[in-house]
Structures are given as C-alpha cells and as structure tokens.
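Take a look at the structure set out below.
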Amino acid sequence: MIISESWLREWVSPDITTQTIADTLTMAGLEVDSVQYLGDSFSGVVVGEIVDIAPHPDADKLKVCQVMGHENSPIQVVCGAPNAREGIKVPFATVGAKLPNDIKIKKAKLRGVQSLGMLCGAVELGFEAVDDGLWELNADAEVGQSLIDYLALNDALIDVDLTPNRSDCLSILGIAHELGALTESNVSKINIEPLAYDIQHSPTVNIEATTACPRYCAQIFSELLQQAETPLWLSERLRRSGLAVRHPVVDITNYVMLELGQPMHAFDADKVTGGITVRFARSGEDIHLLNDQLVKLDERSLIIADESGPIALAGIMGGKSTAVSDDTKRIILESAYFAPEFIAGKARQFGLHTDSSHRFERGVDYNLPEQALARAGRLISEVCGAKVGPICAQTTRALPSPMTVELHFENVERQLGCRISASLCQSILERLQFSVLKRDDKMISLSVPSSRFDITIEADLIEEIARVYGYNNIPSKPLPANLTVPEHQESVKSLLSIKQLLVAKGYSEVITYSFVDPEIQALISPNEHAVDVLNPISNDLSQMRMSLLPGLLTSALHNIKRQQSRVALFESGLTFVVKSGKLLQNPTVAGLLYGARFNESWNLPKDDIDFYDIKAHVESLFSEDVLNFEVFQHPALHPGQSAAIIKGSKMIGVLGALHPSLVKALGLIKVPYVFELDQAQLLNRDLARASVVPKFPEVRRDVAVVIDQSIPVGDLIERLKSSVGSELVNVNVFDIYQGKGVDPERKSVALGLTFQDKTRTLTEEEINTLLNQCIDLLKSSFSADLR
Amino acid sequence: MNKLSEILTSASVSAESAGTLAELEQVKVAYLGKKGQLTQLLKTLGSLSSEERPKVGAEINKAKQSLSTLIEQKKSDLNEQLINEKLASETIDITLPGRARQKGQLHPVTQTLERISTLFTQIGFSVAQGPEIEDDFHNFSALNIPDHHPARAMHDTFYVDKAGWGDKADYVLRTHTSPVQIRVLESSEPPIRVICPGRVYRCDSDVTHTPMFHQVEGLVVDRGINFSHLKGVVDQFLKSFFEADVPVRFRPSYFPFTEPSAEVDIQCTHCKGEGCRICSQTGWLEVMGCGMVHPNVFEQVNINTKDYSGFAFGMGVERLAMLRYGVNDLRLFFENDYKFLRQFNQ
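In structure tokens, the structure reads:
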C-alpha cells in the first residue's frame, strides 16, 4: 500500500520527518519497504505541449514533434509513444533534465533526426502506472510550468508492506489512526454530512444472502455531466497510489477506497433492469466481468443481481453489462459490507485479485459503508454536477456488533516478561480506538473497533500493547534451564558422521531439488510409481524424486561439462515412492563416482575408477563384514556390474555401474558408478561387544586354485568360512589370474588362509590337516584344481 | 724408544688416511691387534731391566691409548660421513605434491545447518525431522491458517497428486518446517525444546527465490516462558552465529501461528548499518521470524495454556549462509558446481 505523505498529513500530522514516520510505522509492525521523495526523483521536466507532429523520415514507429514549454519557441523532440499527437500536454524532459534511474537527457540524434529532450510517460518519471504511453496532462495545465510544481510533488510516497491481519490499515485513514496512536497525535474525524437529496428516486435493494451481506447501501445520482473531468488533485493522488485514472465516477470510488478503506462500485443505472438483489448465484448462471472475463458461477458465488441476472461478483468485480462509460448519465453507487468468510478465496477461484477483494476478504469496517457513500456522493456531486437521490441502507441481523475482549493485567507480564502498568495498557488500547467498558484492579473489558478484524482474544490485546510499547523496550532474558538428560542410542550413528566419512573419501556433498525431470526419472526408476507436483515451476521439475540418482547425475553432468576429470558426489535426503497405496518418504544416502581414480599427479596412475572403488567406499561406511553383495538387476545399472547390498537378510541398497544405454543417453564418455542406501539401515549398528584377544600365534598358508570363470570368489570364501572350523580366522584373496597357463574358461584364485586357535598354538600337523580340509572342500564343491 | 715413536707416527698416518671403516679396522688390527706392532712391542718388555720396564711399559701403554683414541675418533668421523652421504643420497624434493590428496566437503547449507544445530543442542534443544510431503492439517490448519485464510497467499504452495495413494486430505510440499513442531507437540509433553531443520518448498523461482530451500524452526514450551526469553534466545543465537556483538532488533509482524509475532533484523553485516545495496539502504537485514505460540495452536494439540506457554522461531538457512560466507547468488547453492563447493573445503 503506497501512502502519499501529504494526503496522510491531512488526517494526522505529527511533528516528525518523513523518515521518522516510516521508522515509527516499521517498528510498530507496518513495515515500510521504501520512501520515495517525489520532488527529488527528477528535475528539468516541464509541462510541454505538442504543437506540431510529423512522421519520422526513416522510422515507422517514431514521430518528430515540435514541443512548446521550454524557452519561447518550439523544440524538436523525436518520440516513439503511440499516443503522441498534436495538441496534447505531456511531461517534457528538457536537455539537461535528470530522470529516475540516473538517466540524463542529452542532445541526441535518433535515426538521423535531432531530438532536444524527451517526452515522458508516468513510468519514466518513476510513477507506478498501468499505461506505458505518454502521460497526458490535463488541458488546463500551464505550458512551461515545472512539472514538480504542477503536480505538487513536494510529497513523499511511503510504501507500506501490510501483513494480512491489518486490513484496517488498507487506507489513508487506517494508517492515520495507527500513526496517531503511535505518536499520540490527534486524528481528524470523518465528518461528512450526507448531501441533501434533490431527487426522490432511490434504488430498490433486496438482500437475500443475509449472512454474507449484512449491510448494503446504495444511492442514485443522475444528470451526470458528460464532459466532467477528474480534477488534477484527485487523479494525482490516485496516480501516486498506483491507480490508473479512468472515469470520474470510478476515480472517485477508488479515491474513497484509498482514503477510507471502503471498496465501492458504480453501476450505470440505465443499464440495470429493476431492483437490486444480493444473493448467491444459481447453477448455470454466469457473468461477463469488467475485465472481459466470462466467469461461470456456482451456488457459493455471492453476486449482485438485477432482474436480468448477475451484474457484479460481490466485493470482487462488477459486470461489463452495467459498467459506467463516457455515456453514462445515471449511476447507482454501491457501498456494502460483505462478510470476509464469504469473499475469501472467491477471487482466487476465478483467477482474480482486485483492490476490492483484497480488502473484503481481510475485513472492511462494517460501520463504514454509509460514511463512504456520503464522502463519494459529495465528490460526485462536485465533480460531475450530479443530482443526488436518498441513500437506501439495508442491514440484516448478521451485522456484527462490537466484539468485547477482556484483558487481565497479570497476563501481560506473564506473556511478555516485563511489567507494563495497567494505566499504560489502558492508554495504549484507547489510543488504538478501543473503548473501555469496565475496569477493575485486575482486568479491563474493552470494545474492539469495528475496523479491527484481527482482535478476538486476550492474546491479540497483549500483542497490541507490546507493539505500541515497543518490542525493543522488552528485556532479553536467558532461557530458564529445566533440563533433563535425554535418551541417546549409541548404536545409531549420526548422519553427519557418515557424511564426514564420505567427505574424507573425497566425496563432495551436493543438495539438489527434490523434484526432478520425469523423463530422466523414467530411465532410472521405470517400474515405480512417482508423486507428481500439480503446479510445478516447470516440466523438468514436476515429479518428486524416487531416487537420489537423477539429482546426482544432473550435478555430475554439470561438473563434467566444466572440465572436471574426476567427480565424486553424494547427497542425502528423502525419496518419495508410492507402494501398495501408500506414500513412502524414505531417508536415503547416495553417491556417484566418475572419471579418474586420482586427480592427475606426478606419482599416481592415470587409470579410471571401477566397480571395486565404489564398493570399497560403501563397505567402509559399515562395520567390517556385515555386508553381503548379491548379483542384482536394476534398470539403471549395468546387469553385469551391479549388486544388491545386503545387511543381515535385508536388502538395504544397490551399487554398480550405470547402464551403458543410460551412459549414452546422458552423452557421457566414461561410466559413472553409483550407490544408493537406506539411511536408517546405514545408521543402525550393533553396540560393540568385546571378546578375548587371542594370545596364540596365527599361521598363514597360501593356496592357488583354478576354478570355472563363472564361479564368484565370494562363494569360495563363504563356503570355507562356514565349513572349516573356527581355526580358519581369515581368508584373503591376494591374486586373480587369467591368461597364459590357465584354461580360458577358468581362472586362478590365490587365497591366503590364516589359522589360529584361541586356546593353544596349532601344531604343524594340525595346520596341514586344516589346509587339506580347505583344499578338499574347494575341489569337491567347486571342481577346483590345485595350481 | 725411537721405534715406539716411529710406530706411533706411522700408525697415526695410517689411521688418518683410512677412507673406510674396513681400512680403519685393518689399521687397528695392524697396531693394536693380538699380533699388532704395539702389542708386539709390549711383549719385548721382558728383555728390559727392572728399572726400565715400568717406564717403557707406561710409554707403550700411553701410545696404545692415544692410538686407540685416534682410531675411535676416526671411526666416528667415518660413521658420520657415511650417514651424511646416505642423507644426501636420500634427499627428495619436498615441494612436490603429496599422493592422492583428495577430500570432499560438506555442502555450505549443511555446514550452516550443523552450526545452527550445534548452538541450539548445546542449550538443551533436540532435533526433530518430519515428512516433506505434508497434509494440509499439519502444514496449515493446525497452525491457525484455515482454508482461504489470506495468510495462505503468503505461502506459494506446491500441491501434489494423490493418484494411487492418500486420503481425503490435501497434500502439499511443506511450505515451512512448522508442521514438524505440530508433530512434536502431538507426540510429546512439555517441557519441549526442539529445532526442526529441513527442506521446504515454495512455488517461486527468480533471482532471489528458489523453489526449494532450507529452514530451521525452533520451539520451546514450558511453564513460565515469555517473550523476554524468546528475545534472549534469539539475540544470543544471532550474536553467537555471526561471532559478533551485532545489534539485533525485533519488529512486530504477523504470523498466524504466533502472537505476538516479530521479524528479527540484524544490523547489516556488510555496511555496519550505514546503508548499502545488500540491506536496501535500511542498515538492517531481516534474518528470522518468531513469536509466542498462538493459543489456537496450543488448542489444536491439547496443550493447556493456563499452565504452559511457549515461543517459536524460524530462519532461512541459505539466507544465513549467504550472509555468513558472502555468497551473492542464492542459486549457486543448488547448481553444485565444484568451483563453488570447493570454496567451503575448510
């Protein structure tokens, strides 16, 4: 909400600077986003008149204008605005003028034609405006007058960013009341006597939706002057508030809305058939709105109707058929109170957001409609020379009565932690227009102003007291300690410790969006059911990730394209999968390795990482020997280089090389290796259990066997460990050989077997027996030949 | 006696000229060994008179001793020389880089989150997590944001498709981590001190907004908790987080789930309050929102407001990370460019 300071000071004028007003509002919860001093924002701009205009010889869209206003002869200015034409008065920035955004006007040649200045639109002068053409000034503007003087720009615009609870401040009057309370200054009263009416005709109003519309006031104005023009002072205030000038009647209703906070609507009375009814729409009804939108109504749409059907979407926007136009001679002016709960969400339902709906859905003072009507009526009568009919004011039983709220003084200290005297509490609330109904030592009972929709309970009053008293006057105290020692499971590792392990292994942590490109996701998790985002930012961010791999691959691609020869990334976070009618949000950790095993260096090999690098990284995240790996088919992974990660009997993740077709689809040269793990399984450990450290020596015997190529070495180790006695304490694979001397269908596996007994030193004979047992087992189970 | 001095002289010369330990050993054997010249000379003592014998004996012994010392000295010199040669031959270029020096780093958002968590857990807060696809009740209604409430427009909400799952409720990508606080309040009894860090989502994407970012929200519920405690905790936290006695101010604001509500500003870390581009010339930077828990929220989770009161606060993690580390573009956090991430390898 943009507030013109000079307008505000008509209502309340504390003896403080503009900046202090802004700071005072900000520190009371009405955050001022910016203060713009109008007189400072430009210089060298005068009222100019286009006295002659000709097409530009070399540019279709440009025109060559002769402009009066500076010195005493016409000055040539090239202009591209579509509305440039002879006879109009416009802001004329002369050579040497300074405009907002550090623009300086210099002599220029545009397509070969000299231009000595610039004709301006409102936007170029730093005003908010809807229209981007030249700013057409009133015909009576004095040519040559400084624009700052003409527009009375010794003013500042204070932009207040209002929170949704403070609908009472959506007007100059509301801000004035707030500023008055904060600075203890007097605020002018709305003191508008309704005009004596000079015609008898009043509209017929029937409120059917009595709960949704507890008050509806309407008044007829006739014999509007067709040539009436919105006076400069009024259009200037609208412009400073960011509203466009349209039609005197519409401008006046907007003006009153800005000043008092009451949205109003004017119907062309000659286009309204019969009386006005406030009711809910019937199914099948629709309305063609002022903005040309055709809206299909339903039984919950509150409308204003005449005998022909809907003529306005109540509190949101009027209909096209009864809109005020230049030909309008008679109007019906509406000023109503619509209950917020019946307006809330309705504008959005139709994709609308208007100044009116913005106010009604937050709450408009239910005692305001008649005063606003009186104010607007006076202006319409002055500006349009209209004749005035009597006000038709209808109210229903649903009209709110003032809310009563009690404040118990002890609760102020209880909630705020500082003593504020009862009399100060009362004074603050009275300044905010609460009226005292009853008071004793302990409490006060107050009547809430009809403009305050945000005050219903005691906590609301305490907040009012706190913000006027000043949050920064409330002391800061340390949190009182009421501490207990928490439960803590030693067997659950922290995610941070896992992340640090990965960091130490060379992985960089990434954070990627939880929504991914469905096309990439379909390649990685083709058989699973994803959750779609209904209103995504873009198509490539429209599906919740079922795996962390799409994000890792995207990040890897980003870096590979930027000449990184080695990429090691990990991420942790939720994945979202639908399984048997349920949404699972699974904490997951995943990693990706790509490219060189080591960053290029003088003393390191230059080979690339492979499956066993990433497998080792996964293994090192767990305690020793808890994991098993099983051959596993994953749609995103190479069928011959992927594994299920098994802990106990549970599959807790996968690892492997990316499937060659995916590698190709992503345009990669080398193969990324990835892992993805269930976070809970990764973090859950067994508590360490100490056992006796054996005192007796270990003995190692090496054996090399030749087995079929297809037999996994893991099977050998498992069989040895499960079948040979506890004396076999370790099996280490120290060589795998294929090639000369070995059948091409077979491979040689060299195993280091370590034997140890916990209770005594093993004899040579015992060791040989154990070794033979191992060899026999390998021979019988795997058709192994001793090498 | 001339003989003795001749032997000693030649022995000394031989010892001095020995180039290796082996040569020196030969000298030692030749003069001091069992058959060495000086040893042999001692054996001639028997042929001397009893007056001469002690005198000559003493002289020979003295010569033996001095030769022995000389040889030991020489041996030590040779040893030292050997070590020096070995050291010289083993000297390497220590300016060459070390082997396989590769470590990664935590994402700056994680580092910031961890820092925030550390500060709060040290004063007795626990850390709670919750779902990111959240139902309408926990994300909005329980937080005093009913349907069609204008405050819903403050949150540009992502809605998700419930095809194949879900119940009657609407589901959204949580717009804040406050729903986790509701879940904590539903499942535990006061006293409660908890922070809820995590990802949140808003349907907004431009230079200063990403559709996903991180928040840490905190909640304290206990007997006797009031606004001054909220101020104390927030003020201490910010000073500690920024490691500076930075001025902090509390500005009234509005959140449906707290009352009184406040926005918290710190003096601009860039211009020290003078006014600059980063603080839009105000001298202040908005860093947190907070307030006393609204009675309607307590009512939703059956906490008796006669006995208990509480406060809540929330902050954007990326915003704090940007201020702390001087990051000037929010989007860098989610591009995951090595050249950016490496800068946090401290």
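Just so you know, the sequences run in chain order A and B. So the first sequence is numbered by this note's numbering: it starts at 18 and just counts up by one. So the second sequence is numbered by this note's numbering: it starts at 6 and just counts up by one. Note that CB positions come from ideal geometry on N, CA and C, so glycine has one too.
Beta-bridge pairing of residue i - partner residues as DSSP gives them
i        : result
A/His73  : A/Ala76
B/Gln220 : B/Gly203 and B/Gly321
A/Gly608 : A/Phe587 and A/Phe692
A/Arg296 : A/Ile320
A/Tyr763 : Correcting the residue type first, residue 763 of chain A is Arg in the shown sequence and not Tyr. DSSP, once it has assigned bridges, lists A/Asp725 as partnering A/Arg763.
A/Tyr524 : DSSP lists no partner for A/Tyr524.
A/Asn223 : A/Thr294
A/Ile662 : A/Phe646 and A/Gly670
A/Leu127 : A/Val130
B/Glu291 : B/Asp270
A/Arg456 : A/Ile461
B/Phe260 : B/Thr263
B/Phe255 : B/Val269
A/Phe593 : A/Gln602
B/Glu139 : B/Val177
Cβ distance (whole Å) where residue i is taken to contact residue j below 8 Å
i        : j        : result
B/His143 : B/Leu346 : Not a contact, Cβ separation roughly 33 Å.
B/Ser245 : B/Leu124 : 6 Å
A/Leu116 : A/Val95  : Actually they do not touch by this definition, with Cβ atoms about 17 Å apart.
A/Val84  : A/Leu142 : With 8 Å as the limit, A/Val84 and A/Leu142 do not qualify as a contact, their Cβ atoms being about 16 Å apart.
A/Ser188 : A/Leu277 : 6 Å
A/Leu454 : A/Ser462 : 4 Å
B/Leu224 : B/Val306 : In fact, because the Cβ distance is near 11 Å, the residues do not count as touching under 8 Å.
B/Gln186 : B/Ala317 : 6 Å
A/Pro497 : B/Gly229 : 7 Å
Proximal chain B residues relative to residue i, where beta-carbon distance stays under 9 Å
i        : result
A/Lys431 : Going by the sequence as given, residue 431 of chain A is Arg instead of Lys. Those are Gly229, Asn231 and Ser314, listed as they occur along chain B.
A/Met561 : Glu137, Ile138, Val165 and Leu178
A/Arg579 : Asp342, Tyr343 and Lys344
A/Ala498 : Ile128 and Gly129
Interface residues of chain A facing residue i [CB-CB closer than 8 Å]
i        : result
B/Tyr330 : By Cβ distance, chain A contributes nothing, its closest Cβ being about 15 Å from B/Tyr330, past 8 Å.
B/Gly171 : Leu600
B/Tyr36  : Per Cβ cutoff of 8 Å: no residues; B/Tyr36 is ~50 Å from chain A at best.
Separation of residue j from residue i, as counted between CA atoms
i        : j        : result
A/Ala475 : B/Ser233 : Going by the sequence as given, residue 475 of chain A is Glu instead of Ala. Approximately 19 Å, taken between the alpha carbons.
A/Ala721 : A/Ser508 : 40 Å
B/Arg179 : B/Val205 : 6 Å
A/Val710 : A/Val716 : 16 Å
B/Ser71  : B/Leu92  : 31 Å
A/Val595 : A/Glu545 : 7 Å
A/Val405 : A/Val266 : 13 Å
B/Val177 : B/Glu139 : 5 Å
A/Ile92  : A/Val177 : 41 Å
Amino acids of chain A, ordered along the chain, whose beta-carbon sits closer than 9 Å to that of residue i
i        : result
B/Gln305 : In chain order: nothing, as chain A lies at least about 15 Å away.
B/Ala133 : Correct list: empty, because the minimum Cβ distance to chain A is about 12 Å.
B/Leu43  : Near B/Leu43 there are no residues of chain A at all, since even the closest Cβ is about 52 Å away, more than 9 Å.
Buried versus exposed, by CB contacts within 10 Å (16 or more), residue i
i        : result
A/Ala156 : exposed
A/Thr345 : buried
A/Gln279 : buried
B/Tyr343 : buried
A/Asp752 : exposed
A/Phe713 : exposed
A/Trp28  : buried
A/Gly332 : buried
A/Glu480 : buried
Cross-chain neighbours of residue i in chain B, by beta carbon under 7 Å
i        : result
A/Met805 : Only positions 18 to 804 of chain A appear in this structure, which leaves residue 805 of chain A out of reach.
A/Val548 : Ile138, Val165 and Asp166
Residue i beta carbon near the ligand FMN (any heavy atom closer than 7 Å)
i        : result
A/Leu174 : Absent from the structure shown: the ligand FMN. Ligands present: none.
Under 7 Å from the C-beta of residue i: neighbouring residues of chain A
i        : result
B/Gly237 : Ser493, Lys494, Pro495 and Leu496
B/Cys208 : Asn552 and Ile554
B/Glu119 : Leu513
Cross-chain neighbours of residue i in chain D, by beta carbon under 8 Å
i        : result
B/His299 : Here chain D cannot be found, since the structure's protein chains are A and B.
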